[in-house]
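Trainee: The structure is given below, and queries will be raised subsequently.
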Amino acid sequence: MVSVWRCEICGESYIGNEVPTQCPFCGVNRRFIKSARIAKANFDLTLNESDLANVKHALMVELSNAGFYFCAAKNTDDEEGRAMFKALGKVESEHASIWKKILKLERVEVKPENCSKRNLENLMESHNRETKAIEFYKKAAQESKDLRLKQIFAALIEVETDHLALSAQRM
Ligand SMILES: [Fe+2]
Ligand SMILES: [Fe+2]
Ligand SMILES: [Zn+2]
206 MVSVWRCEIC
216 GESYIGNEVP
226 TQCPFCGVNR
236 RFIKSARIAK
246 ANFDLTLNES
256 DLANVKHALM
266 VELSNAGFYF
276 CAAKNTDDEE
286 GRAMFKALGK
296 VESEHASIWK
306 KILKLERVEV
316 KPENCSKRNL
326 ENLMESHNRE
336 TKAIEFYKKA
346 AQESKDLRLK
356 QIFAALIEVE
366 TDHLALSAQR
376 M
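Start counting the sequence shown at 206; every next residue gets the next number (the numbering used here).
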């Protein structure tokens, strides 16, 4: 029977017969997706100085990566590549939205970044960006004592690791 499912990491909801294997918005594992009747997604956090600096940095990283992926989605010389980079751009924009909600920012826009016309170069750039995102989120998760923030960092480490696998499989 059709139901409403809600992701406890990004807070977005999905209508379908079954729980998706990954959140269709932010890409996190299905264990973070619950029936919308019981799901909880809190973005009202009180952050210390170090967490605040890490959340601001996370927003910049995700916006920059989304900008790169949207550029690659238009310019890369491979059809599957264009589809993949567009999907990645949407996921990274959703990650940026998580940080925007926590920072209580209204309008923060993704600005286009430079990319190549060559798919292989874009895959290498993706690999590099995802590696850096994973390293940063691991460090941020270790530094934080806030359980909700740690949960979000950990969930996104898994998603960025999936992204890394996509480029690794294709290079
Ligand atoms: Fe991301
Ligand atoms: Fe990613
Ligand atoms: Zn989600």
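Even glycine gets a Cβ: it sits at the ideal position worked out from N, Cα and C.
State the Cα-Cα distance for the pair Glu166 and Lys261, rounded to the nearest angstrom.
Mentor: Past the edges of the chain, shown from 206 to 376, lies residue 166, and the structure says nothing about it.
Trainee: Does the distance from the CB of Leu257 to the CB of Ala301 come in under 8 Å?
Mentor: Indexing the sequence shown from 1 puts residue 257 at position 52. Indexing the sequence shown from 1 puts residue 301 at position 96. In this structure, Ala301 does not lie closer than 8 Å to Leu257 by Cβ.
Trainee: Keeping to the same chain, check which residues put their C-beta closer than 6 Å to that of Tyr342; ignore five residues upstream and five downstream.
Mentor: Stepping through the sequence shown from its first residue, residue 342 is reached at position 137. Phe358, Leu361 and Ile362, listed in sequence order.
Trainee: Label Lys305 either buried or exposed according to how many other C-beta atoms from any shown protein chain fall within 10 Å of its C-beta, with 16 as the threshold for buried.
Mentor: One-based indexing of the sequence shown puts residue 305 at position 100. Per the 10 Å Cβ criterion, buried.
Trainee: Which of helix, strand or coil does DSSP assign to Arg323?
Mentor: If you number the sequence shown from 1, residue 323 lands on position 118. Looking at Arg323 - three-state DSSP - the assignment turns out to be coil, as it is neither helix nor strand.
Trainee: With distances taken Cα to Cα, identify the nearest neighbour of Cys231 among Val364, Ser240, Thr251 and Leu268.
Mentor: Working through the sequence shown from its first residue, we reach residue 231 at position 26. Here the closest residue by C-alpha is Val364.
Trainee: Check whether the region 240-251 and the region 277-293 are in contact - that is, three or more C-beta pairs closer than 8 Å.
Mentor: no
Trainee: Can the beta-carbon of Glu392 be found less than 8 Å from the beta-carbon of His368?
Mentor: No information on residue 392 is available, as it lies outside the stretch 206 to 376 that the chain covers here.
Trainee: Please tell me whether, using a cut-off of 7 Å, the distance from the CB of Gly363 to the nearest non-hydrogen atom of ligand 2 is below it.
Mentor: The sequence position of residue 363 within the sequence shown is 158, counting from 1. Here the sequence assigns Glu to residue 363, which means Gly is not the residue at that position. No - ligand 2 has no heavy atom lying nearer than 7 Å to the Cβ of Glu363.
Trainee: In the DSSP assignment, find the beta strand (DSSP E) that holds Gly221 and state where it starts and stops.
Mentor: In the sequence shown, residue 221 corresponds to position 16, counting from 1. Judged by DSSP secondary structure, Gly221 falls within the beta strand (DSSP E) whose first and last residues are Ser218 to Gly221.
Trainee: Does Thr281 come within less than 8 Å of chain D when only Cβ atoms are used?
Mentor: No chain D is part of this structure, which consists of one protein chain only.
Trainee: Helix, strand or coil, according to DSSP, for Cys378 in the structure here?
Mentor: In this structure the chain extends from 206 to 376, so residue 378 is not present and cannot be described.
Trainee: Going by C-alpha distance, which of Met206, Phe237, Arg236 and Lys322 is nearest Glu223?
Mentor: On the sequence shown, residue 223 is found 18 positions in, with the first residue counted as 1. Nearest C-alpha to Glu223: Met206.
Trainee: Assuming Leu328 and Ser269 form a contact by the criterion Cβ under 8 Å, report the distance between their Cβ atoms to the nearest whole angstrom.
Mentor: For the purposes of this step, residue 328 is taken as the residue at position 123 of the sequence shown. For the purposes of this step, residue 269 is taken as the residue at position 64 of the sequence shown. 17 Å between Cβ atoms; not a contact.
Trainee: Would you say the beta carbon of His368 is closer than 7 Å to some non-hydrogen atom of ligand 2?
Mentor: Position 163 of the sequence shown holds residue 368. Answer for His368: yes, Cβ within range of ligand 2.
Trainee: First and last residue of the alpha helix (DSSP H) that includes Lys377?
Mentor: Beyond the ends of the chain as shown, which are 206 and 376, falls residue 377; an answer cannot be given.
Trainee: With Ile238 as the anchor, note down where its beta strand (DSSP E) starts and where it stops.
Mentor: As a position in the sequence shown, residue 238 is number 33, starting the count at 1. Where Ile238 is concerned, the enclosing beta strand (DSSP E) stretches over Ile238 to Ser240.
Trainee: Is the separation between the beta-carbon of Phe237 and that of Ile214 shorter than 8 Å?
Mentor: Walking along the sequence shown from the start, residue 237 turns up at place 32. Walking along the sequence shown from the start, residue 214 turns up at place 9. It is a contact, given that the beta carbons lie within the stated cut-off.
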